[in-house]
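K.L.:
Numbering (this note's numbering), first residue to last: 329 to 967.
Now the structure itself:
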């Protein structure tokens with residue numbers, strides 16, 4: 329999505345015209361490969377850093393446009409959602425101090441960002457999925473207000489329809505429907521680029537496919553979405569489902585998802601990937617193309633191949649083939665690793681990059697043709713197994729045996745990574761610094777995901793879900809600012825949200841979100857039993873669309889039963905006695921707003937509503953919980 333001037337194809341004529349340029353671009357690329365146009369000297373590496381903006385309450389802050397205006401830097405750019413931005417890092421020669429230089433550049437850019445966000449009273453976090461994200465953060469009002477993002481969302485909806493379903497199961501299970509591809513904005517990544525010589529592209533790309541599984545296992549840090557513990561690297565499942573343009577019936581056919589690991593090994597050249605993407609995936613976006621790329625070649629000018637680049641930007645391979653033009657005017661080829669999550673710290677990210685790049689650089693010296701040693705389906709299965717189960721996974725490896733991914737990383741891949749970095753004369757200090765992070769993380773089994781799951785379990789003994797999510801996010805921010813790699817983090821504690829002050833606590837920070845609701849046509853006996861079984865005093869009433877339409881309390885049920893002792897069971901329904909259009913509150917109101925509203929109206933419960941949708945509930949029990957937490961903080965010197 330680097331091209332600003334894109335739009336949805338609106339007619340067959342437009343589609344045909346753009347397709348004509350797309351096919352010419354493929355012809356031009358084929359000719360350049362045959363005529364050796366491509367740069368084949370010093371290889372370079374590059375990266376893109378995606379960043380979450382968070383407010384003082386650790387929730388998404390949709391302030392990207394204001395932040396970017398204040399930054400006034402060409403290094404930073406927009407992302408799909410207004411609570412994310414991206415930093416584009418300068419390409420570096422793959423040698424000497426390239427990794428420490430990369431770490432220094434990221435820290436410098438984040439330091440510039442820190443000054444701006446600090447002045448604005450907000451903060452930022454680098455992590456694969458921000459734990460405090462809520463479903464209503466994914467509404468289109470948080471779409472970055474640029475035509476290209478609106479065009480992308482509209483194009484996906486045009487192909488898919490307006491209902492998006494997420495079905496992801498791990499420790500917990502997430503099943504939800506949404507009305508746009510904005511769900512993709514939950515993902516934030518650290519994308520790493522490796523320049524590859526054309527003659528090496530096939531074997532390097534296939535190696536990248538094999539190495540995808542151990543890469544995601546060692547780097548995973550995104551096990552949670554909307555408060556649910558799902559895959560070890562939930563980004564993989566989330567991204568595939570959020571921009572899947574297949575309609576339900578097409579899942580019965582062998583149609584690829586637009587986010588894809590691929591379907592087979594590459595055999596001859598990069599052209600196979602581009603051609604497959606053209607025949608498998610319909611054109612979603614187009615741009616005005618005026619370049620005659622074949623004529624440019626005749627004149628000795630490197631063509632931009634804009635049509636091909638636009639189409640390539642809408643097909644999301646986890647290892648994406650890339651075409652680019654170097655500052656010297658010569659074209660080059662890259663493999664973009666889209667697997668790695670952002671965070672948990674800068675040193676962790678750079679260590680992930682060093683591990684992948686080093687392994688890529690020497691892997692084909694050990695295994696010149698992985699396609700003769702492994703079935704493609706096994707590489708695909710390995711990737712998804714580690715995305716689901718992380719460092720606990722067993723892989724089917726190149727010799728056909730099963731091996732634990734941690735053992736594989738320790739015994740084979742770290743030595744290969746070291747060899748690959750030494751091969752390119754990377755400084756020994758850089759090699760030792762970053763590979764030691766991978767070694768220690770692998771040795772103690774603590775990556776970002778295992779830290780989150782361990783912390784969640786410990787916090788669950790003393791805190792509710794909202795407090796857990798806040799503590800996790802606050803702790804991530806604390807360690808990230810200190811630059812401590814994740815393998816050395818202690819579990820998160822409630823103390824990490826010591827910034828809390830009663831006057832600043834929002835409803836969404838302590839409301840109950842695990843709700844039991846009823847329909848207005850349900851019989852009263854069902855509601856009474858449900859409230860008794862779950863030990864709750866208030867039950868919201870919502871319609872089929874999730875709109876709050878009423879409220880019922882145990883006291884109301886008891887009062888009705890007492891007055892109608894001879895009533896035949898099953899004759900009274902919820903709508904007969906419920907409070908219609910009950911008083912509610914917005915999740916971004918404060919704890920004092922809730923207390924005042926409940927006191928003035930003499931009520932013991934407040935449904936929490938966002939855009940007519942029920943998102944939580946607040947009762948006296950929630951105030952007792954938050955009071956308990958605040959007292960603990962006071963006792964430890966907080967507030």
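A virtual CB, placed ideally from N, CA and C, is assigned to each residue, including glycine. Predicted, not measured: the structure shown is a model, and the values here were computed from it.
I think residue 633 touches residue 368, with their Cβ atoms under 8 Å apart; what is that distance to the nearest whole Å?
P.N.:
Incorrect: roughly 19 Å between the Cβ atoms, too far for contact.
K.L.:
Closest by CA to residue 918, which one among 895, 906, 951 and 887?
P.N.:
Selected option, being the one with the closest Cα: 951.
K.L.:
What is the C-beta distance between residue 336 and residue 482, in whole angstroms, given that I count them as a contact (C-beta under 8 Å)?
P.N.:
With a Cβ gap of about 5 Å, residue 336 and residue 482 count as contacting.
K.L.:
Answer with buried or exposed for residue 803, where buried requires no fewer than 16 other C-beta atoms within 10 angstroms of its C-beta.
P.N.:
Buried, because 16 or more other Cβ atoms sit within 10 Å of the Cβ of residue 803.
K.L.:
Is the beta carbon of residue 523 sitting closer than 7 Å to the one on residue 660?
P.N.:
Going by C-beta atoms, residue 523 is nearer than 7 Å to residue 660.
K.L.:
Return the bridge partner residues of residue 732 from the DSSP annotation.
P.N.:
Answer is 722, bridged to residue 732.
K.L.:
State the CB to CB distance for the pair residue 796 and residue 807, rounded to an integer number of angstroms; the pair is presumed to be in contact (CB under 8 Å).
P.N.:
17 Å between Cβ atoms; not a contact.
K.L.:
For residue 737, tell me which candidate among 840, 768, 755 and 759 has the shortest Cα-Cα distance.
P.N.:
Selected option, being the one with the closest Cα: 768.
K.L.:
Using C-beta distances below 6 Å, list every residue in its chain close to residue 375, excluding the 5 sequence neighbours before and after it, in chain order.
P.N.:
Here the set comprises 417 and 520.
K.L.:
Can you tell me whether residue 495 is buried or exposed? The criterion is at least 16 other CB atoms within 10 Å of its CB, across all chains shown.
P.N.:
The residue in question, residue 495, is exposed, as its Cβ has fewer than 16 Cβ neighbours within 10 Å.
K.L.:
Whole beta strand (DSSP E) runs in the stretch 392–460 with 3 or more residues, listed along the chain?
P.N.:
With a minimum length of 3 residues, the continuous beta strand (DSSP E) runs that stay inside the stretch 392–460 are 404–406, 412–416 and 451–453.
K.L.:
Using CA coordinates, which residue listed in 846, 596, 607 and 599 is at the minimum distance from residue 586?
P.N.:
Answer by Cα proximity: 607.
K.L.:
Using a Cβ-Cβ cut-off of 7 Å (strictly less than) and excluding sequence neighbours within five positions of residue 502, which residues of its own chain qualify?
P.N.:
Correct list, in chain order: 494, 496, 553, 554, 556 and 558.
K.L.:
Excluding the 5 residues preceding and the 5 following residue 411 in the sequence, name in chain order all residues of the same chain whose CB lies nearer than 6 Å to its CB.
P.N.:
Contacts found: 381, 388, 389 and 390.
K.L.:
Within its chain, find whatever has a CB closer than 7 Å to the CB of residue 598; leave out the 5 residues flanking it on each side and keep chain order.
P.N.:
Answer for residue 598: 529, 649 and 661, listed in chain order.
K.L.:
For the stretch 894–947, list the beta strand (DSSP E) runs that are entirely contained and at least 3 residues long, ordered along the chain.
P.N.:
Runs of the beta strand (DSSP E) inside the stretch 894–947: 933–938 and 941–947.
K.L.:
Start and end of the alpha helix (DSSP H) containing residue 347?
P.N.:
Looking at the DSSP string, the run of the alpha helix (DSSP H) that includes residue 347 is 340–362.
K.L.:
Quick check: the Cα distance between residue 760 and residue 470, rounded to an integer number of angstroms?
P.N.:
Rounded to the nearest angstrom, the two C-alpha atoms are 42 Å apart.
K.L.:
In this structure, does DSSP put residue 647 in helix, strand or coil?
P.N.:
Reduced to three states, the DSSP call for residue 647 is strand.
K.L.:
Considering residue 467, what are the terminal residues of the alpha helix (DSSP H) in which it resides?
P.N.:
From DSSP, residue 467 is part of no alpha helix (DSSP H); its letter is neither H nor E.
K.L.:
From the DSSP output, in three-state form, read off residue 868 for me.
P.N.:
Strand.
K.L.:
What residue from 781, 820, 438 and 777 has the CA that sits closest to residue 798's CA?
P.N.:
With distances taken between Cα atoms, residue 798 lies closest to 820.
K.L.:
Can you tell me whether residue 739 is buried or exposed? The criterion is at least 16 other CB atoms within 10 Å of its CB, across all chains shown.
P.N.:
With fewer than 16 other Cβ atoms within 10 Å, it is exposed.
K.L.:
What span of residues does the alpha helix (DSSP H) with residue 529 cover, start to end?
P.N.:
That run of the alpha helix (DSSP H) goes 529–547.
K.L.:
On the criterion of 16 or more Cβ atoms from any shown chain inside 10 Å, does residue 746 qualify as buried, or is it exposed?
P.N.:
With 16 or more Cβ atoms within 10 Å of its Cβ, residue 746 is classed as buried.
K.L.:
Using 7 Å as the threshold, is the C-beta distance between residue 547 and residue 668 below it?
P.N.:
Yes, the pair counts as a contact, with Cβ atoms nearer than the cut-off.
K.L.:
Please look up how many angstroms separate the CB atoms of residue 941 and residue 898, rounded, as I've assumed it's under 8 Å.
P.N.:
Their Cβ separation, rounded to whole angstroms, is 30 Å, which puts residue 941 and residue 898 out of contact at 8 Å.
K.L.:
What residues are listed by DSSP as bridge partners for residue 377?
P.N.:
Note: residue 377 sits in a beta bridge opposite 415 and 518.
K.L.:
Determine the DSSP secondary structure at residue 560, reduced to helix, strand or coil.
P.N.:
Looking at residue 560 - three-state DSSP - the assignment turns out to be coil, as it is neither helix nor strand.
K.L.:
Could you name the residues that DSSP lists as bridge partners for residue 523?
P.N.:
662, per the DSSP bridge assignment.
K.L.:
Looking at residue 758: is its Cβ nearer than 7 Å to the Cβ of residue 425?
P.N.:
Against a cut-off of 7 Å, the Cβ pair of residue 425 and residue 758 comes out as a contact.
K.L.:
Of the choices 872, 855, 871 and 870, whose alpha-carbon is the least far from that of residue 864?
P.N.:
The shortest Cα separation from residue 864 among 872, 855, 871 and 870 belongs to 855.
K.L.:
Just how far apart, CA to CA, sit residue 397 and residue 887?
P.N.:
So the alpha carbons of these two residues sit roughly 59 Å apart.
K.L.:
Less than 7 Å separating the beta-carbons of residue 845 and residue 813?
P.N.:
Going by C-beta atoms, residue 845 is not nearer than 7 Å to residue 813.
K.L.:
Can you name, in chain order, every residue of its own chain whose Cβ lies under 8 Å from the Cβ of residue 344, other than the five neighbours on each side?
P.N.:
Correct list: empty, nothing qualifies.
K.L.:
Considering residue 786, what are the terminal residues of the alpha helix (DSSP H) in which it resides?
P.N.:
Residue 786 -> alpha helix (DSSP H) spans 776–787.
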